[in-house]
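First residue of the sequence shown: 34, per our numbering; consecutive thereafter.
Backbone N, C-alpha and C fix where the C-beta goes; we use that ideal spot for every residue, glycine too.
Since the structure is predicted, the reported quantities are computational estimates derived from the model, not experimental observations.
Read through the structure below, which is laid out as structure tokens, and then see the notes.
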Amino acid sequence: GWRAHAESVGGPVVIGADFTAPGADSATGHAGTYRRSLPVELPRLYENALDWEHLPWVHPASFRRIECLGTTATSWRARTESPEGSVSVIELTLDRASRRWITRVLDGAGTGNEIWTHAFPIEPRRVDIVVDFFLPAVA
């Protein structure tokens, strides 16, 4: 089963009532966690999450091409192509109040996969992130 991660890279972090784990609408199981400390401010991480255009440049092993299908102030949806030619439609939704963004594969290769990124400001220019990966095959 899935459980909330209550520690950061640098030590314990209290996860408040604003934390919501995947609910009944999510048919995925927890596949793994990645933790990292970043030397940035939280608003910069939000800006980066909403910048769909950067994916092929920053993550070339995963994305060869991206085409935006729509954006709002807190989300975007795009058609992506992997270096191997697999096509997916993904959506990112930013929830500033909960300090998280969730990326879901809506269609194509990896349909049903979810990536939940939680950000924990530790110092003015240090944010710890906890990234949890959820896959339908693990449910």
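With 16 other CB atoms within 10 Å as the buried threshold, where does residue i fall?
i	result
Asp-165	buried
Thr-61	buried
Arg-133	buried
Asp-161	buried
Gly-43	Any reading at Gly-43 needs caution, since the residue's pLDDT is 42, under 50, leaving its predicted position unreliable; the model's value is listed next. With fewer than 16 Cβ atoms within 10 Å of its Cβ, Gly-43 is classed as exposed.
Val-91	exposed
His-151	buried
Glu-147	buried
Ala-82	buried
Would you check if the distance between the CB atom of residue i and the CB atom of residue j is smaller than 8 Å?
i	j	result
Thr-136	Leu-125	yes
Asp-140	Ser-121	yes
Val-163	Thr-66	yes
For the beta strand (DSSP E) containing residue i, list its first residue and its last residue.
i	result
Pro-154	147-156
Arg-77	Taken as a continuous stretch (DSSP letters only), Arg-77 belongs to no beta strand (DSSP E), being part of the alpha helix (DSSP H) at 75-83.
Ala-106	Where Ala-106 is concerned, there is no enclosing beta strand (DSSP E), given that its DSSP letter is neither H nor E.
Ala-64	62-71
Gly-141	133-141
Using beta carbons (cut-off 8 Å, strictly below), is residue i in contact with chain C?
i	result
Ala-130	Looking at the structure shown, chain C is missing, and only one protein chain is on hand.
So residue i and residue j are supposed to be a Cβ contact under 8 Å. How far apart are they, rounded?
i	j	result
Pro-111	Trp-85	A quick correction: the sequence has Ala, not Pro, at residue 111. The pair is a contact, with the Cβ atoms about 5 Å apart (cut-off 8 Å).
Pro-169	Glu-74	Pro-169 to Glu-74, Cβ: 35 Å. No contact.
In terms of residue numbering, what span does the alpha helix (DSSP H) encompassing residue i cover?
i	result
Pro-89	88-91
Can you give me the C-alpha to C-alpha distance between residue i and residue j, rounded to a whole angstrom?
i	j	result
Ile-155	Leu-71	10 Å
Ile-142	Arg-98	Per the sequence presented here, residue 142 reads as Ala, with Ile not at that position. Ala-142 and Arg-98: Cα-Cα distance of roughly 14 Å.
Ser-115	Ala-130	32 Å
Arg-77	Glu-117	31 Å
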